[in-house]
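Visitor:
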Ligand code: UDP
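This is the structure:
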């Protein structure tokens, strides 16, 4: 086999991403040139999930293929970070998964190992770091700058001129107000924006904000 591709994580999100990867690789899968499996650190012997073998990481590394590729489909940024480092050390190449109906418009920079689920959008002139997740119906608008290991839950709306720092998590249906050139709305490193929150001003690193207008939890 020329290449083996893995969706790392065989639980909820991984199962959502697998069919997108299968569609992307359809022609190579048909010829048998490539394989597509799940990798999960909790894998048990000889299991399959939704028709794909589930391997441990060690089994995946040992699989006979010229190149090994992985897309980490685990929502936790810290787990993603840890796994990405391990993959890098083992020469496992990151690959991005982009749904056929996702749209990525003009002049965007997208980091490797990212996932764009169905109906997600990136409009124009955005810069997005490695291992980004855009879940279903989420969007990133013009001129945003997004760090590494950032996660957008379903329907998260990031309006123009927003900066999202590394490892931040934007919950389901949350809205982040647009910034302006030179004065972006900033979601700090590792911050969490709760489900349905409406963020009208910058959020400090590491904190959790909820509500409309969003405020730090417990205040
Ligand atoms: N997992 C893993 N290695 C890690 C952390 C998680 O293989 O370091 C797997 C874990 O066994 C589980 C999946 O990733 O099968 C995460 O599933 P979960 O339902 O917690 O989250 P989601 O699929 O929503 O990201």
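Residue numbers (our numbering): 479 to 697.
C-beta atoms are modelled at their ideal positions from N, C-alpha and C, and glycine is treated no differently.
Quick caveat: nothing in here was measured; it's all calculated off a predicted structure.
1. Whole angstroms is fine: what's the gap from residue 551's alpha carbon to residue 621's?
2. Residue 535 by DSSP, collapsed to three states: which one?
3. Just verifying my parser: in three-state terms, what is the DSSP assignment at residue 587?
4. Touching or not, the segment 583-598 and the segment 528-542, by the rule of three or more beta carbon pairs under 8 Å?
5. So is residue 630 buried or exposed if we call it buried at 16+ other beta carbons inside 10 Å?
6. Given residue 680, which residues of its chain have a CB within under 6 Å of its CB, disregarding the five upstream and five downstream residues?
7. What whole-angstrom Cβ distance do residue 515 and residue 538 have, given they're in contact under 8 Å?
8. At the level of alpha carbons, what is the spacing between residue 592 and residue 607?
9. Grab me the residues of residue 626's own chain with a C-beta within less than 7 Å of its C-beta, minus the 5 sequence neighbours each way, in chain order.
10. Mind checking which residues open and close the beta strand (DSSP E) that includes residue 516?
11. Could you tell me how far apart the beta carbons of residue 532 and residue 521 are, in whole angstroms, since I believe they sit closer than 8 Å?
12. Determine the DSSP secondary structure at residue 547, reduced to helix, strand or coil.
Guide: The relevant details are as follows:
1. 26 Å
2. helix
3. strand
4. no
5. buried
6. 663 and 664
7. 7 Å
8. 8 Å
9. 589, 607, 608, 609 and 644
10. 512-517
11. 5 Å
12. strand
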